[in-house]
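The numbering used here numbers the first residue of the sequence shown as 4 and each following residue consecutively.
From the three backbone atoms N, C-alpha and C, an ideal C-beta is built for every residue, glycine too.
Please read all numbers here as calculations on a predicted model, not as lab measurements.
Remarks on the structure that follows.
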Amino acid sequence: MDHQRVRRLANQSANFGFLVDHGLLVWYGVGAESLIYVDAQSSMFKARAFGETLARELVNRTGTRASSDRFVDQVQALNAAGVFTPKINEAFHRLRKVGNQAVHGHLDQVRTALELLRDCFELGVWFHRALTDDRRPIGFVPPSPPPQQVPQHIVVGLQAELDRYRQELAEAKLLLDGQPSVAAAQAAAEAAADRAVTESAARRTVAAELVADLAPQMAAASEEFAARKPVKVSAAKREDFISRARRASREPLNEVQTRVEIDRQLTAAGWQVQDQGQINLYAGDSGVAGVAVREVTLATGRADYLLYVQQKLVGVVEAKREGTAPRGVEAQLDRYLRGLTAAQRMSAWRRDAPLPFGYVATGTETVFVNGLDPQPRTREVFAFHQPETLARWMREADDDPAAPTLRARLRQLPPLPEEGLRRAQIDAVRGVERALAADKPRSLVQMATGAGKTFMAVTSSYRLLHHAKATRVLFLVDRNNLGRQTLREYAGYATPGDGRKFTELFNVDRLTGAGMLDSSAVVISTIQRLYGALCGRELPDADIDDEAYDSYHLDEPAQVAYNPAIPPEAFDLIIVDECHRSIYGKWRAVLEYFDAFMVGLTATPVKQTLGFFQQNLVSEYTYEQAVTDGVNVDFDVYRIRTEITDGGSIIEAGTVVPLRDRRTRAERYQELEEDFSYAGKDVGRSVISEGQLRLVLETFRERLFTEIFPGRSTVPKTLIFAVDDNHAEEIVKMVRLVFDRSNDFATKITYASKRTGDNPDDLIQALRNSPELRIAVTVDMIATGTDVRPLECLLFLRPVRTATYFEQMKGRGARTIDPADFQAVTPDAQVKDRFVLVDAVGVTEQELDEAVPLHRRTEAQISLKELLGKAGTLTANQHEVATLAARLARLDRQLKPEERAELTDLADGQPLAAIARRLADAVAPESLIPAHAAGPDAVRDLLAEALRPLAAAPELRHRILEIRRAHDITIDEVNTDRLISAAGVPAAERAQKVVRSWHAYLKEHRDEITALQIFFDGKGRVDFDQLKDLAARISRPPQAWTPARLWEAYEMLGRTAEAPGDRGVTDLITLVRYELGLDQELRPYRSVVEERFHGWLLRQEQAGTAFTPEQLWWLERIKNVIAASVAVTPDDLDGAPFTERGGIDGYLSAFGNDRAQPLLTELNRELTA
């Protein structure tokens, strides 16, 4: 690509020049612009190519996984990942849809081409801002029609659009600063807009010539770009880009709009906005009087707003044009806070101190600084704080001058009482409090499932409410039924000291339809219910488990507006339990609404989680550590494989099969007109294979007391994971049949349980405590978070696509239980020392993703397929059209909201119900009778017109078939299944898999992990922090490794030297070196250091150097530090155990000043790898 010519092309463009570093985007954008009046169809083609190129660039830049390279799939993946806001998503889809019509339908409309050009411009500006964080207004320069080249009717028809675009351009160029009046500023802006339009028209010819000249180069560049492999993107970079992209999607306001918007925001927060000449400090209906006075002259300049609370001057708002970096105005804000006149100081809250509260606002961004904090630091806030909030902060500062703010009090928390806390909980509480004291807004706690995350969070809540005087804590749970469990944890918490219960001191409430109570100190909710409350919706009762309020699916990312009933300052701390699910992607705006510290709790952090929490992992406690400490039990894997599970089956043509409606469970029978084949992945979803289900459960029953739990006679408490509620229903029925037991033996626990009169909470309690209920079947309801300690067996009859979710599901079996409680429900058991994961679908063998990939089914339902096929060829007769109308109307009633929206999108904005109505209207007597009277051609034209939305959209027809298939379940009563194998997975086989995966991991991540870069490059030496980083990375799903676990795998395979003792972080050095072939034997790092140390001592002796007993004492302990921490530094010598002999001074005394430092350097070099 000739970058110099691309730069020339960019210089000729008024609308795409800022994309000069992205040659393909410049070429497509300028090409669309230059062709708009001479070849509108080609202009639209280039506009679509612009969108497609930008989507591919975004996929690569963010590391987003799409199901294919198709434009539509990449756009959907980016939207699902939270990169897009609804406005950006709609612009991409307009380019995709109309661009398709332009290519295939010859849609030659200049107006449409102009609209698409504007979409390309807006997307280009958005991308530019996401990359640069540049918020300056950039105006679209409308291309004026060239004289004598465009028909007059097109010019007239476009005039309204062109005038509107030109007016918007003038507004973007409006600058109030430096102008004597608003009128003068407006006149200058109008003149600047006229010049831009004129100059753009003058450069259009040259731009078109450059576009043509660059065509061969750009064709090659486009092919090269399409073939480019995506690079790995770190979580931090991805998070940073997405954050900027979401901010960039908001169009910058001009200066007039900025002031109007700031007025609106202040008013919404409860402030009375007044001009200085109309000031009334007592204004307001009731409560705390908060007044914002515009344009007030101070001793140091002119403040845009002064803030009064209860007639006291307390703060300043500095308004800036959007595009101004708020933090770049901090010095000016500080001058205003300190720059009161003598008269103004008389009304100030504190006359001899600067005003405490300062804001810089642009209408879209607001930053805030509290001068009362121990280290005042600006932070972004969603909106202005309410006057009542500032009044409360003023009272708190007056009551406690030594610790006037929450951030001050967080630095003065008393020591943590350790009684009743596990070591991991102590580390987590202290880690969180260190982060809060350092004013770090987000902290992440990784703690193994069952290790007491909730108890730890309750402890932190108590300390913040009691000692730091926090106002309110929000606890977000993963599912509504876990809210009850969390409430019980708070209610049962005995506070340190007098032992009173938490709820005796503080009110703990769940978010309900009544909203948030003023008296609540802790509010428990799901993020879905919180979002509903912010949007002003009426919520169901807290005890009603509504699946809609547990679902994480959103068609578009959540958009949050200011809600005075739940203002951003409503909470001081937000605790997000199992935060891997709700923080990134489409729900993040809900959390970012609040001006609060945020603590995430998870057993399974992924890259997106770490990115959101700004890499601030304050404590780690892995599953392996929990097993070692006796907090959790370990597990074994038992694998059952069958032919149908692995490869599916075929039901022959002519077979009459039951078809069951997925929602109503109503059955109908249909004869297959051709062979019906299904894959193993379809079992439980679109096909219920009774033979497969029976064989798996019979095998489980037969091997249960011989191979899985040998010597036992009572069926262990078992949880079976099903695909969906229909699958769960079939499993329960088959379990009772195979085990020949009553209803009390097995039950279903899903959201649908309450429809049959069962209370899911009662069923969960029975699973915990009832000796009769042995097997429960669930889908998602108790797959995460719910404690059922007696569970000993997890049977997977469904695949799992993410490592995080799989780890959560495994956690259901990992809980320990008191032997007496265990024997009360499972009499022939002595102690729970393990659980067994029975894998009937290969979930333990597949590679699991960190993000859910897009997934589509491609099966077709035959009779509907024929009807749609005739619709596509316009050969359906009136009876078939009537039948098709009825089928589509029935399908529309069964659609989920997201499916209905998708079909409407594919039908170019026509809902499926409207298409069905169109078909029905065409065959109604009032339409057919006059058509028949006019002749056969009229009937044919009538039906063809009705069928046109389907005939013109093959993708729509295809998707209708897919969705219809998804709503029917075929029941295979014909094929029997055959067992391939059923056996426990040998430890050696699992160890081999770990070693293979470890080897692959090293190769895959050699360029992104510093420690691995050093090992592979052979340059330099790793330090302890780099090793800890490597250990932290491999501890996360899907690996979940520790040095001890890796070592154990090699030991199982007989590849390690005999060496007792525990393995630690430094052993990663020898593990990596062994895999790279740098060491021929795998030995503990400590033994390597010991051997090298003795060799070094021998060489010193041979060279005539003798060490005194005092010196040997120092050398032995320096060797121990190197073995534990890779290297020793002078600072280490002032710590234990060296302080016993004077620290660094004692070391200098023992070896002398001249020899001391070279000796440390030599030991670091000689003893380390």
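In the DSSP assignment, find the beta strand (DSSP E) that holds residue i and state where it starts and stops.
{"i": "Y596", "result": "No beta strand (DSSP E) holds Y596; DSSP gives it neither H nor E."}
{"i": "L800", "result": "From DSSP, L800 is part of no beta strand (DSSP E); its letter is neither H nor E."}
{"i": "F124", "result": "Where F124 is concerned, there is no enclosing beta strand (DSSP E), although the alpha helix (DSSP H) it sits in stretches over 113-135."}
{"i": "A1139", "result": "Where A1139 is concerned, there is no enclosing beta strand (DSSP E), given that its DSSP letter is neither H nor E."}
{"i": "A364", "result": "360-364"}
{"i": "R267", "result": "Note, R267: premise wrong, no beta strand (DSSP E); alpha helix (DSSP H) at 258-271."}
{"i": "V29", "result": "Looking at the DSSP string, V29 is not in any beta strand (DSSP E); the run it does join, the alpha helix (DSSP H), is 26-38."}
DSSP state of residue i, grouped into three classes?
{"i": "A536", "result": "helix"}
{"i": "V855", "result": "In this predicted model, V855 has a pLDDT of only 30, less than 50, meaning its place in the structure is not dependable enough to derive any value."}
{"i": "I654", "result": "strand"}
{"i": "A351", "result": "strand"}
{"i": "I865", "result": "Low local confidence applies: a pLDDT of 32 at I865 is under 50, so the model's placement there is unreliable, with the coordinate-based value given in what follows. Correct three-state label for I865: helix."}
{"i": "G516", "result": "coil"}
{"i": "D546", "result": "coil"}
{"i": "D842", "result": "strand"}
{"i": "K315", "result": "strand"}
{"i": "A779", "result": "strand"}
{"i": "R860", "result": "Interpretation of R860 is limited by its pLDDT of 22, a score under 50 that renders its predicted location unreliable; the figure taken from the coordinates is listed afterwards. Coil, per DSSP."}
{"i": "T327", "result": "coil"}
{"i": "V291", "result": "coil"}
{"i": "M450", "result": "strand"}
{"i": "Q1029", "result": "helix"}
{"i": "L110", "result": "Its pLDDT being 42, under 50, L110 is placed unreliably in this model, and the coordinates cannot settle the point."}
{"i": "A1060", "result": "coil"}
{"i": "I245", "result": "helix"}
{"i": "L81", "result": "helix"}
{"i": "S1180", "result": "Residue 1180 lies beyond the residue range present for the chain, which begins at 4 and ends at 1172; the question has no answer from this structure."}
{"i": "G816", "result": "helix"}
{"i": "F371", "result": "strand"}
Of the residues the options, which one's Cα is nearest the Cα of residue i?
{"i": "A345", "options": "D598, L301, N566, L740", "result": "L301"}
{"i": "V579", "options": "R1024, I723, R482", "result": "R482"}
{"i": "D575", "options": "V525, Q1042, N1167, Q618", "result": "V525"}
{"i": "F600", "options": "W1117, E436, G290, N635", "result": "E436"}
{"i": "Y40", "options": "A916, I653, R207", "result": "R207"}
{"i": "Q488", "options": "L119, D764, F1018", "result": "D764"}
{"i": "T457", "options": "P802, E421, A494, T717", "result": "A494"}
{"i": "E798", "options": "S1000, T807, G814", "result": "It is worth fixing the name first, because residue 798 is Leu in this sequence and not Glu. When only C-alpha atoms are compared, the closest one is G814."}
{"i": "A806", "options": "R1039, F228, H935", "result": "R1039"}
Tell me the residue span of the alpha helix (DSSP H) that contains residue i.
{"i": "N14", "result": "6-14"}
{"i": "Y1088", "result": "1088-1105"}
{"i": "A524", "result": "Here A524 belongs to no alpha helix (DSSP H); instead the beta strand (DSSP E) covers 523-529."}
How about residue i and residue j: are their beta carbons less than 9 Å apart?
{"i": "I1147", "j": "D1137", "result": "yes"}
{"i": "Y285", "j": "A295", "result": "no"}
{"i": "E655", "j": "P661", "result": "no"}
{"i": "P1087", "j": "V1068", "result": "no"}
{"i": "R338", "j": "G304", "result": "yes"}
{"i": "E835", "j": "E795", "result": "Looking at the sequence itself, residue 835 is Lys, so the reference to Glu does not match. Yes; because the gap between Cβ atoms is below 9 Å, this pair is in contact."}
{"i": "L81", "j": "A58", "result": "yes"}
{"i": "L922", "j": "A885", "result": "yes"}
{"i": "R324", "j": "N257", "result": "yes"}
{"i": "L309", "j": "W352", "result": "no"}
{"i": "R445", "j": "Q279", "result": "no"}
{"i": "G683", "j": "T658", "result": "no"}
Contiguous beta strand (DSSP E) assignments of at least 3 residues, all confined to the stretch 598-662: Segments of the beta strand (DSSP E) lying fully in the stretch 598-662: 600-605, 620-624, 637-645, 652-654.
Every unbroken alpha helix (DSSP H) within the stretch 679-762, with a cutoff of 4 residues, ordered by chain: Counting only runs of 4 or more, we get 693-706, 728-742.
Contained alpha helix (DSSP H) runs [length at least 4] in the stretch 459-523, N- to C-terminal order: Those alpha helix (DSSP H) runs which fall completely within the stretch 459-523 and span 4+ residues are 483-494, 505-508.
Entirely enclosed alpha helix (DSSP H) segments - the stretch 373-430, minimum 4 residues: DSSP runs (the alpha helix (DSSP H)) wholly in the stretch 373-430: 390-402, 409-412.
Those runs of the alpha helix (DSSP H) which lie wholly inside the stretch 875-922 and span at least 4 residues: Segments of the alpha helix (DSSP H) lying fully in the stretch 875-922: 881-897, 900-909.
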